[in-house]
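Asks: All the letters of the sequence shown, read from the start, carry residue numbers 137 to 509 under this note's numbering. All C-beta atoms in this analysis are idealised placements derived from N, C-alpha and C, irrespective of residue type, glycine included. Note that this is a predicted model, so its numbers are computed, not measured.
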Amino acid sequence: MVDCVVEFERDAATPCRQREYQIAVDGFNQSEGEVVLTWNLFLTNSRLPVMLQQPRDRIVAAGATAIFSVVAVNVPPITAPLTYRWLFNGSEINGGTNSSLTVSNVGEANLGYYIVEISNDAESVLSEHVVLQINISEGNTVNELISTEDKFANLLNAITISPLQTASVNPRGVRLSGGGLARGFTGTQIFSTVGSTSEAGEPNHCGVAGGASQWFVYQAEVDGRLSVSTEGSDFDTVLAVYTGPGDSFLTLREVACDNDSGTNGKTSIVNIPATAGTIYFIAVDGVRGATGNARLNYNLIGPSRVRAELTKTGQFLVQVSGQPLRNYTVEASTNFLQWVPLLSTNASAGTIEFKDLSAPSFQQRFYRAVASP
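#1: Tell me where the beta strand (DSSP E) around residue 433 begins and ends.
#2: Do the segment 182–199 and the segment 247–264 meet, that is, are 3 or more Cβ pairs less than 8 Å apart?
#3: Taking the C-alpha atoms as reference points, what is the distance between residue 403 and residue 327?
#4: Take the Cβ of residue 472 as the centre, count every other Cβ of all protein chains shown within 10 Å, and call the residue buried at 16 or more, exposed below.
#5: Just the C-alpha distance for residue 498 and residue 387, rounded to the nearest angstrom, thanks.
#6: Expressed to the nearest angstrom, what Euclidean distance is found between the alpha-carbon atoms of residue 464 and residue 480?
#7: Have a look at residue 495 and residue 247 and give me their C-alpha separation to the nearest angstrom.
#8: What number of angstroms, rounded off, separates the C-alpha of residue 343 from the C-alpha of residue 194?
#9: Along the chain, where does the beta strand (DSSP E) that runs through residue 163 open and close?
#10: Report yes if the CB atom of residue 423 is closer than 7 Å to the CB atom of residue 372, and no otherwise.
#11: Once DSSP output is grouped into helix, strand and coil, what is the label at residue 247?
#12: From the DSSP output, in three-state form, read off residue 385 for me.
#13: Contact between the segment 404–417 and the segment 225–235 is defined here as three or more beta-carbon pairs at a separation below 8 Å; is this criterion met?
#14: Less than 7 Å between the beta carbons of residue 455 and residue 443, yes or no?
#15: By Cβ distance below 8 Å, which residues in the same chain neighbour residue 307 in space, the five residues on each side in sequence not counted?
#16: Quick one: any contact between the segment 332–349 and the segment 415–435, if contact means 3 or more CB pairs under 8 Å?
#17: DSSP has residue 489 in a bridge; who is on the other side?
#18: Considering only residues of the same chain and omitting the five flanking positions on each side of residue 431, which have a CB-CB separation below 7 Å?
#19: Quick check on the DSSP output: what are the complete beta strand (DSSP E) runs of length 3 or more inside the segment 184–225, in order along the chain?
#20: Which partner residues of residue 364 appear in the DSSP bridge assignment?
#21: Give the straight-line distance between the Cα atoms of residue 243 and residue 198, rounded to the nearest whole angstrom.
#22: In terms of DSSP beta bridges, what is residue 351 paired with?
#23: What does a CB cutoff of less than 6 Å around residue 288 pick up in its chain, not counting 5 residues either side in sequence?
#24: Helix, strand or coil: which one does DSSP assign to residue 495?
#25: How about residue 251 and residue 268: do their beta carbons lie closer than 7 Å?
#26: Checking contacts by CB at 7 Å: is residue 198 closer than that to chain E?
#27: Under the assumption that residue 358 contacts residue 377 (Cβ atoms under 8 Å), give the Cβ distance between them as a whole number of angstroms.
#28: Which residues in the same chain have their Cβ closer than 6 Å to the Cβ of residue 511, if we skip the five residues on either side of it in sequence?
#29: How would you label residue 159, buried or exposed, when you count the other beta carbons within 10 angstroms and need 16 or more for buried?
#30: Residue 457 to residue 399, Cα distance in whole Å?
#31: State the Cα-Cα distance for the pair residue 493 and residue 278, rounded to the nearest angstrom.
#32: Just to confirm my understanding: we take residue 219, look at its own chain, exclude 5 residues before and 5 after, and list those with CB closer than 6 Å. What are they?
#33: I'd like to check one pair, residue 192 with residue 266: are the Cβ atoms closer than 7 Å?
#34: Helix or strand or just coil, what does DSSP make of residue 237?
#35: Which residue's Cα is closest to the Cα of residue 245: 338, 210, 270, 318?
#36: Please report the Cβ distance between residue 434 and residue 363, rounded to the nearest whole angstrom; I am assuming they are in contact, meaning their Cβ atoms lie under 8 Å.
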């Protein structure tokens, strides 16, 4: 519906001015089909509230505080105070009656979409809907730019725009792009699929009828083995991983998919060889349109490298380079047959360095690093 505001001249006896409006209708992501356009003209001297700044998506750590806010004003001659009504997944929030909404101690029960209705004494407008999600990157950090998207096309800007720009907004608060490009070795995105839909042309992931998909985009840091799962989700999921180019559904190439191979028989898991720099499009859907809170977990295991050098004191300085936050056991051998563990540790920074004090006791000494689950 297009709301037409009738404006009066200074002389109240003068008929209202006529104004022409040009209305454009387009299809999202080049979608085509029949269009039904209707309009109604309501003669009124009231004015809609004007929204100067839309709320923004919030991606936080579990237990953190998320704040949504909006800026709106009345248009003269309306002077009545504005009122606010916040809704969560379509239901009114008790106490959500201010221009900002604070969500404390964020947990899975708070994940979903938020919207605010702004009213004066005669008219009301709705904001864009925004989402609240939880992100965990590399075990204990949060990337506030990483989110899933209901519409696949919203991820495309994340590929071509620097991650620092993916959450940018223009002065009027209109979102310019979708979820950011995830990188790193480990991470978990926790989100709600309530209200999600499938798009025209979207494939049935793994050949399973879905209907409530969310999309995530990830770029591999190094060559290795990439594990992706929905372990911890509370509904029956189907999971698929694609490569691009990805400028449309037609250019997606399925790498792997799964339905129900998770530990509880309803979650999903895939393991694929990953190539450094490759962008992977990951879809999480609900079997037959099931929705709920989803956990998307990814873990990239890259190759480990071991280097040993002789010091001036006759000791060997051993350096292991591997995946950050991965547990490694460094082992030594004199014949490649029997291996003796020397050190077990967590490579918090991806590098382990230590001196083998017993090395001078052997004519030859070989080292290897074994990654633990």
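Replies: Result, derived from the coordinates:
#1: Here residue 433 refers to the residue found at position 297 when the sequence shown is read from its first residue. Segment 429–437, the beta strand (DSSP E) holding residue 433.
#2: yes
#3: If you number the sequence shown from 1, residue 403 lands on position 267. If you number the sequence shown from 1, residue 327 lands on position 191. It is roughly 15 Å from the alpha-carbon of residue 403 to the alpha-carbon of residue 327.
#4: Here residue 472 corresponds to residue number 336 of the sequence shown, with the count starting at 1. Per the 10 Å Cβ criterion, exposed.
#5: Counted from its first residue, the sequence shown places residue 498 at position 362. Counted from its first residue, the sequence shown places residue 387 at position 251. Rounded to the nearest angstrom, the two C-alpha atoms are 58 Å apart.
#6: Walking along the sequence shown from the start, residue 464 turns up at place 328. Walking along the sequence shown from the start, residue 480 turns up at place 344. If you take the alpha carbons of residue 464 and residue 480, they lie about 6 Å apart.
#7: The residue labelled residue 495 in the question sits at position 359 within the sequence shown. The residue labelled residue 247 in the question sits at position 111 within the sequence shown. Cα-Cα distance, rounded: 55 Å.
#8: Taking the sequence shown and counting its residues from 1, one reaches residue 343 at position 207. Taking the sequence shown and counting its residues from 1, one reaches residue 194 at position 58. Residue 343 and residue 194: Cα-Cα distance of roughly 33 Å.
#9: The count along the sequence shown starts at 1 and reaches residue 163 at position 27. Counting along the chain, residue 163 falls outside any beta strand (DSSP E), and DSSP gives it neither H nor E.
#10: The residue you call residue 423 lines up with position 287 of the sequence shown. The residue you call residue 372 lines up with position 236 of the sequence shown. Contact flag set, yes.
#11: Residue mapping note: residue 247 aligns to position 111 of the sequence shown, counting from 1. In the structure shown, residue 247 sits in coil (DSSP, three-state: anything other than H, G, I, E or B).
#12: Here the question's residue 385 lines up with position 249 in the sequence shown. Three-state DSSP puts residue 385 in a helix.
#13: no
#14: Sequence index remark: in the sequence shown, residue 455 carries index 319 (1-based). Sequence index remark: in the sequence shown, residue 443 carries index 307 (1-based). Yes, these two residues count as a Cβ contact at 7 Å.
#15: Translated into the one-based positions of the sequence shown, residue 307 becomes position 171. For residue 307, the predicted structure reports a pLDDT of 31, less than 50, and the residue's modelled location is therefore unreliable. The matter cannot be settled from this model.
#16: yes
#17: The residue labelled residue 489 in the question sits at position 353 within the sequence shown. BP columns for residue 489 point to 455.
#18: If you number the sequence shown from 1, residue 431 lands on position 295. By the criterion of a C-beta distance shorter than 7 Å, residue 431 is surrounded in its chain by 324, 326, 366, 367, 368, 369, once the five residues flanking it on both sides are discounted.
#19: 186–189, 194–196, 202–205, 207–209, 219–224
#20: In the sequence shown, residue 364 corresponds to position 228, counting from 1. 406, 434.
#21: In the sequence shown, the residue the question calls residue 243 occupies position 107. In the sequence shown, the residue the question calls residue 198 occupies position 62. One C-alpha to the other measures close to 6 Å.
#22: The residue given as residue 351 occupies position 215 in the sequence shown. The partner list for residue 351 (beta bridge, DSSP) reads 285, 419.
#23: Your numbering for residue 288 matches position 152 in the sequence shown. Answer for residue 288: 351, listed in chain order.
#24: Taking the sequence shown and counting its residues from 1, the one referred to as residue 495 is at position 359. In the structure shown, residue 495 sits in a helix (DSSP, three-state: H, G or I).
#25: Counting from one through the sequence shown, the residue named residue 251 turns up at place 115. Counting from one through the sequence shown, the residue named residue 268 turns up at place 132. Cβ atoms of residue 251 and residue 268: not closer than 7 Å.
#26: Of the protein chains in the structure, only one exists, and it is not chain E.
#27: Start at 1 with the first residue of the sequence shown, and residue 358 comes out as number 222. Start at 1 with the first residue of the sequence shown, and residue 377 comes out as number 241. Rounded, the Cβ-Cβ distance is 17 Å, inconsistent with contact.
#28: This structure gives no information on residue 511, because the portion of the chain shown stretches from 137 to 509.
#29: Within the sequence shown, the letter at position 23 stands for residue 159. Exposed, since its Cβ has fewer than 16 Cβ neighbours within 10 Å.
#30: For the purposes of this step, residue 457 is taken as residue 321 along the sequence shown, with counting starting at 1. For the purposes of this step, residue 399 is taken as residue 263 along the sequence shown, with counting starting at 1. Roughly 32 Å separates the two Cα atoms.
#31: Taking the first residue of the sequence shown as position 1, residue 493 is located at position 357. Taking the first residue of the sequence shown as position 1, residue 278 is located at position 142. Looking at the two C-alpha atoms, the distance is approximately 40 Å.
#32: The sequence position of residue 219 within the sequence shown is 83, counting from 1. Answer for residue 219: 255, listed in chain order.
#33: For the purposes of this step, residue 266 is identified with residue 130 of the sequence shown, where counting begins at 1. For the purposes of this step, residue 192 is identified with residue 56 of the sequence shown, where counting begins at 1. Yes; because the gap between Cβ atoms is below 7 Å, this pair is in contact.
#34: By 1-based counting over the sequence shown, the position of residue 237 is 101. Note: residue 237 maps to strand in three-state DSSP.
#35: In the sequence shown, the residue the question calls residue 245 occupies position 109. Ranking the options by Cα distance to residue 245, first place goes to 270.
#36: Position 298 of the sequence shown, counting from 1, holds the residue named residue 434. Position 227 of the sequence shown, counting from 1, holds the residue named residue 363. Rounded, the Cβ-Cβ distance is 7 Å, consistent with contact.
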